[in-house]
Amino acid sequence: MRFGTHSLVATAVLSVAFAAYSAGAAAQAALAGKVSSAEEGAMEGVLVSAKKAGSTITITVVSDKEGRYGFPAAKLEPGRYAIRIRAVGYDLEALSAVEVAAGKTAALDLKLKKTVDLAAQLSNGEWMASVPGTDPQKGQLLNCVGCHSLERVVRSQHDADAFTKTVLPRMQGYVNQSIPQHPQLRKAERLMEERGDQRVQVYRTTAEYLATINRGPAQKWSYELKTHPRPSARATRVIYTEYDLPRETISPHDVIVDSEGIAWYSSFGEQNLGRLDPKTGQVTEFPIDVHKPGFPTGLLGLRSDRAGNLWLGNMYQATIVKFDPKTTKFTTWKLPPEQNIDAAQVNMVSPQHSHVDGKVWTQNNGFAGVHRLDVATGKIETWEPFKSAPKGEPHNIYDVIPDSKNNAWFTDFRWR
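In numbering that gives the first Met the number 0, the protein residues as written are 0 to 415.
Structural data, given as structure tokens:
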């Protein structure tokens with residue numbers, strides 16, 4: 000079973016992926032070959048990955064319409080490489096490894112066989128395509144994939160009552176940055192979410208749908224498993240470079256690249272800002288102080304200001320965080336006590352146009368609020384645009400985006 004963390008997958012390691020287009024990837028190849036199977040013959044769109052022994056970097060290319068693949072010499076230095084593939088519905092006939100030498104093209108043809116467990120290979124998108132239901136019903140599944148894959152849901156055997164009374168209330172108790180390896184409980188409910196009977200009805204509606212798509216007591220699915228088509232034509236002319244991160248509990252939420260080509264990431268469930276040098280694969284972590292002991296940890300939004308400083312939302316620690324890459328020093332601002340409630344959640348910080356007036360915008364999921372920080376004084380102003388909304392009417396401000404004059408625009412994605 001795979002454990003999903005937003006766009007990244009937790010297995011033995013977690014990786015940040017970057018893609019670069021390459022025309023003529025097979026020219027001057029360090030490693031080349033052909034991918035085929037008894038069922039299809041030459042196979043287009045198979046992802047072929049090579050990882051050197053002892054390295055933290057994996058290079059992936061894609062086979063063309065003749066089944067040919069090739070790794071440019073500039074991408075594979077001499078050494079021994081483990082080879083793996085991804086083509087949903089297939090496995091390698093045998094584990095593969097190859098020795099790559101300087102100035103030569105190593106040849107390795109890959110034979111694939113039909114997999115015996117298709118369900119274990121499906122992505123969340125393929126599960127969404129496979130399960131029956133209307134768009135609104137399937138939309139409920141988006142609340143699941145922040146913490147784990149849909150495979151966990153569809154393999155379950157719960158009935159609607161079990162989902163309603165046990166599973167969904169338990170899931171509601173975890174914060175969004177939870178993953179199976181690092182679950183974290185929320186300290187308080189958001190103030191502008193469903194309550195009481197209204198919430199139970201949401202559980203019941205979701206539960207009745209989930210009970211129609213999981214394996215249930217019969218331990219079988221009532222629908223056909225569907226897969227997405229493999230890449231073809233121009234989509235095969237690509238090279239992916241993956242960089243292993245130090246721990247499987249690292250869940251990069253935002254990744255940005257600075258003017259020097261260094262990648263920075265916010266760690267969704269931990270108090271660390273990460274730095275990756277793509278040239279070497281070296282990862283450096285900068286720990287961020289805990290300001291509310293006992294509350295969930297983790298960072299969400301990561302953005303830079305005009306000067307190159309990095310700004311982060313420290314979620315349930317309820318702080319605005321600034322990092323200076325030149326000095327590697329952090330500056331933090333806590334919310335005022337009256338807004339720093341147990342449910343306070345600062346997700347996104349927007350410094351993009353702070354040079355206009357010295358102000359930085361952020362939001363608060365805890366009570367659907369908008370904050371504005373005066374960087375010079377540390378004063379934080381607060382607006383609650385939905386404070387007078389009828390009781391039980393849900394609202395959630397997820398982000399605040401400044402325009403060129405540093406006026407704020409925000410989203411409300413809970414009210415329909």
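Quick reminder that beta carbons are idealized off the backbone N, C-alpha and C, glycines included.
Less than 8 angstroms divides the Cβ of VAL97 from the Cβ of ALA105. For VAL282, the enclosing beta strand (DSSP E) has its first and last residue at 282 to 286. Annotation: GLY124 to LYS137 spans about 11 angstroms, alpha carbon to alpha carbon.
If you look at GLN136, you'll find it in the alpha helix (DSSP H) that goes 134 to 138. By the CB criterion at 8 angstroms, TYR80 and VAL34 fall outside the cutoff. The DSSP assignment places complete alpha helix (DSSP H) segments of no fewer than 4 residues inside the stretch 183 to 243 at 195 to 212, in order along the chain. With a cutoff of 8 angstroms on beta-carbon distance, LEU107 and ILE82 are scored as near each other.
Under the Cβ criterion (8 angstroms, minimum of three pairs), the stretch 49 to 64 counts as touching the stretch 230 to 246.
Under DSSP, ASP323 takes part in a beta bridge, and its partners are LYS328. Assignment of PRO393 by DSSP, reduced to helix, strand and coil, places it in the coil class. SER129 carries a helical assignment under DSSP once its states are collapsed to helix, strand and coil. By DSSP's assignment, GLN362 forms a beta bridge with VAL369. C-alpha of LEU334 to C-alpha of ALA52: approximately 48 angstroms in a straight line. With respect to the 8 angstroms criterion, SER265 and LEU299 are classified as neighbours on the basis of their beta carbons. Scanning its chain for C-beta atoms nearer than 7 angstroms, with the 5 sequence neighbours on each side dropped, one finds around GLU269 the residues THR248, ILE249, THR296 and GLY297, in chain order. In the three-state scheme derived from DSSP, where H, G and I count as helix and E and B as strand, VAL166 is classed as helix. By the C-beta density criterion, SER349 is buried, having at least 16 other C-beta atoms within 10 angstroms.
ILE249 is not bridged by DSSP to any residue. For the pair GLY365 and ILE396, the CB atoms are not nearer than the 8 angstroms cut-off. In the three-state DSSP reduction, ASP276 falls in the coil class, being neither helix nor strand. Each residue's CA atom was taken as its position, placing PRO401 and PRO389 some 28 angstroms apart. Buried is the label assigned to LEU140, since at least 16 other Cβ atoms lie within 10 Å of its Cβ.
Cβ-Cβ distances below 7 angstroms link GLY32 to TYR68, ALA106, LEU107, ASP108 and LEU109 in the same chain, with the five nearest sequence neighbours on each side left out; the list follows chain order. Annotation: VAL399 to GLU76 spans about 45 angstroms, alpha carbon to alpha carbon. With respect to SER177, CYS143 sits apart: the two C-beta atoms are not nearer than 8 angstroms. Nearest in C-alpha terms to ILE255, of all of LEU167, LEU184 and TRP310, is TRP310. Within the DSSP bridge table, the entry for LYS112 names ASP90 as partners. With 16 or more neighbouring CB atoms inside 10 Å of its own CB, TYR89 falls in the buried class.
DSSP, read as helix, strand or coil, puts ARG305 in coil. In its chain, beyond the 5 residues on either side, ALA159, PHE162, THR163 and LEU167 have a beta carbon closer than 7 angstroms to the beta carbon of ALA206. Rounded to the nearest angstrom, the Cβ distance from GLN171 to PRO216 is 24 angstroms, too far for a contact under 8 angstroms.
Take VAL130, set aside five residues on each side of it, and the residues of its chain with a beta-carbon closer than 6 angstroms to its own are ILE212, in chain order. Counting other Cβ atoms within 10 Å of its Cβ, THR318 reaches 16 or more and is therefore classed as buried. Under a 10 Å Cβ-count criterion, ASN405 is classified as buried, with 16 or more other Cβ atoms of the shown protein chains found around its own Cβ. For THR318, DSSP records a beta bridge to LYS333. For LEU111 against LEU94, the beta-carbon gap comes to about 13 angstroms, at or over 8 angstroms, which does not count as contact.
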